[in-house]
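Protein chains: 2
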Amino acid sequence: MNTGVLDELVSALRCLPSVGPKSAQRMAFHLLQRDRAGADRLARALGDALTRLHNCARCNTFTELEVCERCSSPRRDASQLCVVETPADMLMMEQTHSYSGLYFCLMGRIAPLEGVGPKELRLDRLLERAADPAVREVILATNFTNEGEATAHYLGEMLRARGLAVTRIARGLPVGGELEHTDIGTIAQALSERRPA
Amino acid sequence: MNTGVLDELVSALRCLPSVGPKSAQRMAFHLLQRDRAGADRLARALGDALTRLHNCARCNTFTELEVCERCSSPRRDASQLCVVETPADMLMMEQTHSYSGLYFCLMGRIAPLEGVGPKELRLDRLLERAADPAVREVILATNFTNEGEATAHYLGEMLRARGLAVTRIARGLPVGGELEHTDIGTIAQALSERRPA
Ligand SMILES: [Zn+2]
Ligand SMILES: [Zn+2]
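Chains as they are written, first to last, in this note's numbering: chain A, 1035 to 1231; chain B, 1035 to 1231.
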């Protein structure tokens, strides 16, 4: 006896990660009964984001431009290229204020169990980016999870085979830890203690 | 260095209940990188729900009609009026298949700590609905949480003062329990064991 429109909203909310049927129902109820302005804002924010955001041609993060502001900035050190898994990880790196190089955002990691291999990650774009003669060092800053480590290992082999100097941020993070959930100081330390990969 | 559009999406996602800054960031990333179709569907579902859904003039639940299908149905027993907190609770009651009366959905409960009193809940609409001469019994099916109990107590006093027969579903639910998280059988039992309130 839910109406179709309400059912559809509850279903659509389930496209959000880790939102099950009960949560989706609670969210729909909250939005419709308590926060219609918020629901309207969310609908418009989604529409805007879909229309205007795409992947930066250089670093692969989300941007409204063809090449993002960071990649275009003359103040960044183009000799260093730091590889991260997600835009959130990139933000964490920036907040350490101990890195002024450029980035490449994988938008994921190698995860064989989920069917994500080198091809699905489109690592050819990273190779192309790293082939820029300005790049002197590639810093691998994937997570220290099993998948992040496997990704770093794979990238290390791949990039060294092309004659690039490759380093890995130090294991200052706890085993199984993720950048996104680590304090800035620990990330800064891990960055300063990076070692050859 | 997030773009404005991305920041706005992350902020807007925080209007969802129990979504903090990290979850919002993860959701935005997921939608933009992995499920653009889902994001588009969600944006449209929100828009449709906002445009088309409002509160039923009789039972106060969400509907696209002036009076919802259930309230208009000749097959429902108009002598019984069951009061629930949310549309989700109403669905749970329906799934017991042991109730064929009508409903009134409070869309909340009395919660003094959150500034929700009888006035904020607009209990005048319930009084008006219960004043329908067809109504012979009002069944209170608010949750057995402290707030749900307080609400039932308040409603019991208020409705009895107007000469209505008021019952409360039986405490078959565990103390502190919520309808939404209870199995159908227990709810059915609690319904059949309702007692004078
Ligand atoms: Zn860029
Ligand atoms: Zn109705």
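By construction, the Cβ of each residue, glycine as well, lies at the ideal position given by its N, Cα and C atoms.
- Counting along the chain, the unbroken beta strand (DSSP E) around I1173/B starts and ends at E1171 to L1174.
- The Cβ atoms of L1087/A and L1066/B sit closer than 8 Å to each other.
- Taking a cut-off of 5 Å from the heavy atoms of ligand 2, the residues with a C-beta inside it are C1090/B, R1092/B, C1093/B, C1102/B and C1105/B.
- Distances from the alpha-carbon of K1056/B to those of P1121/A, G1054/A, I1144/A and R1068/A put P1121/A closest.
- The DSSP assignment places 1111-1118 and 1135-1139 as complete runs of the beta strand (DSSP E) inside the region 1078-1157 of chain A, in order along the chain (cut-off: 3 residues).
- Closest in C-alpha terms to A1062/A, from the list D1082/B, R1110/B and Q1059/B, comes D1082/B.
- Nearest C-alpha to E1171/A among F1138/A, I1144/A and R1159/A: F1138/A.
- Nearest Cα to E1227/A within the set G1210/A, Y1133/A, R1075/A and V1150/A: Y1133/A.
- Proximity of T1120/B to chain A, defined by a Cβ-Cβ separation below 8 Å, is satisfied.
- Across the region 1127-1143 of chain A, CB contacts with chain B closer than 9 Å involve E1128, M1141 and G1142, in sequence order along the chain.
- Within the same chain, Cβ atoms closer than 7 Å to the Cβ of T1130/B are found at I1218, I1221, A1222 and L1225, the five residues on either side in sequence being excluded.
- Within the region 1159-1200 of chain A, the complete alpha helix (DSSP H) segments at least 4 residues long are 1180-1194, listed from N- to C-terminus.
- When the five nearest sequence neighbours on each side are left out, the beta carbons in the same chain lying within less than 6 Å of the beta carbon of D1123/B are those of L1213, in order along the chain.
- Here the alpha carbon of A1046/B sits roughly 11 Å from the alpha carbon of D1069/A.
- Around P1051/A, the beta-carbon contacts reaching into chain B at under 7 Å are R1060, M1061 and H1064.
- Contact fails between the region 1189-1202 of chain B and the region 1090-1105 of chain B, because fewer than three Cβ pairs, one in each stretch, are under 8 Å apart.
- Residue environment analysis places T1097/A among the buried positions, since at least 16 neighbouring C-beta atoms fall within 10 angstroms of its C-beta.
- Interface criterion not met: the Cβ of R1202/A is under 8 Å from no Cβ in chain B.
- For A1073/B, the chain A residues whose Cβ falls inside 8 Å of its Cβ are C1049, L1080, A1083 and L1084, in order along the chain.
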